Amino acid sequence: MGKNVIIVGECGDNSHNYIMKEEKINISFTGEYYNSLDSKSRLSIPAKFRKALDPINDRTFVLTRGFDKCLLLYPVSEWSKVEEQLSFLSSMKGRHRNFIRSIVRHASYLQYDSQGRVIIPENLCRYAEIEKEIAVIGVIKKIELWSPSILNDFDSDSEDLNEFEDLADEISF
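Those letters in the sequence shown? Residues 372 to 544, by our numbering.
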């Protein structure tokens, strides 16, 4: 499943946009990395993850609270899909409103700098109990940020891979 990307350029002095090419881009984040926040709460995005974004020149992320006390970091192109799905929930239902509110109100747009660093807002660090050390996990279309101790506890409590056999069968794993 690729993403259609239209790359736009400028034509002469008229500055009219035109389509240079259209291509399918697959964004995929996999792997686990450990890093440290610097004194300004900056996280260096793993080079492998930045490279996955190069074809669409996407330097902007959206960071929000996730489940299980982690943070979710989406490329802005993927975040727009999340927003679209959230827009299908009814604002007339309290549970839907609360869910949308809990996801969107804590969302921050972040742009990584020339050294591949983003600033993690203090309120999100507090939520995920991230102090200095941080686990960065690729989860296909998004990145999860964890406190290593919380991730370790989560891993200890999570199910054995064999207990996911029924789910694996659903996707021809």
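By construction, the Cβ of each residue, glycine as well, lies at the ideal position given by its N, Cα and C atoms. Note that this is a predicted model, so its numbers are computed, not measured.
Could you check if V507 is buried or exposed, using at least 16 other CB atoms within 10 Å of its CB as the buried criterion?
-> Here residue 507 is taken as the residue at index 136 of the sequence shown, counted from 1. Its Cβ being crowded by 16 or more others within 10 Å, V507 is buried.
So which of S451, D439, R430 and Y404 has the shortest CA-CA distance to S529?
-> By 1-based counting over the sequence shown, the position of residue 529 is 158. Among S451, D439, R430 and Y404, the Cα nearest to that of S529 belongs to D439.
Less than 8 Å separating the beta-carbons of L414 and R488?
-> For the purposes of this step, residue 414 is taken as residue 43 along the sequence shown, with counting starting at 1. For the purposes of this step, residue 488 is taken as residue 117 along the sequence shown, with counting starting at 1. Going by C-beta atoms, L414 is nearer than 8 Å to R488.
Just to confirm, are A499 and L481 a CB contact at a threshold of 8 Å?
-> Residue 499 sits at position 128 when you count from the first residue of the sequence shown. Residue 481 sits at position 110 when you count from the first residue of the sequence shown. Not a contact, by the Cβ cut-off of 8 Å.
Are the Cβ atoms of L434 and L424 separated by less than 8 Å?
-> Locating residue 434 in the sequence shown gives position 63, counting from the first residue. Locating residue 424 in the sequence shown gives position 53, counting from the first residue. Not a contact, by the Cβ cut-off of 8 Å.
C-alpha gap between P446 and I398, whole angstroms = Within the sequence shown, numbered from 1, the residue matching residue 446 stands at position 75. Within the sequence shown, numbered from 1, the residue matching residue 398 stands at position 27. The alpha-carbon atoms of P446 and I398 are separated by roughly 9 Å.
Secondary structure of I542, DSSP reduced to three states | For the purposes of this step, residue 542 is identified with residue 171 of the sequence shown, where counting begins at 1. Here I542 sits in coil by DSSP.
Nearest-angstrom Cα separation, counted from D531 out to L538 | On the sequence shown, residue 538 is found 167 positions in, with the first residue counted as 1. On the sequence shown, residue 531 is found 160 positions in, with the first residue counted as 1. C-alpha separation (whole angstroms): 13 Å.
Can you tell me which of E536, E504 and S527 puts its alpha carbon nearest to the alpha carbon of N406?
-> Position 35 of the sequence shown, counted from the start, is the residue given in the question as residue 406. Cα-wise, what sits closest to N406 is E504.
Measure the beta-carbon distance from L495 to H477 and round it to whole angstroms, keeping in mind my assumption that it falls under 8 Å.
-> The residue you call residue 495 lines up with position 124 of the sequence shown. The residue you call residue 477 lines up with position 106 of the sequence shown. With 8 Å as the limit, L495 and H477 qualify as a contact, their Cβ atoms being about 7 Å apart.
Residues of its chain near P417, where Cβ-Cβ distance is below 7 Å and the 5 sequence neighbours each way are ignored = Translated into positions along the sequence shown, residue 417 becomes position 46. These residues qualify, in order along the chain: Y404 and V507.
Beta-carbon contacts of R436 that lie in its chain and below 6 Å, excluding the five residues immediately before and after | Residue numbering aside, residue 436 sits at position 65 when the sequence shown is read from its first letter. Same-chain partners within the cutoff: H477 and Y498.
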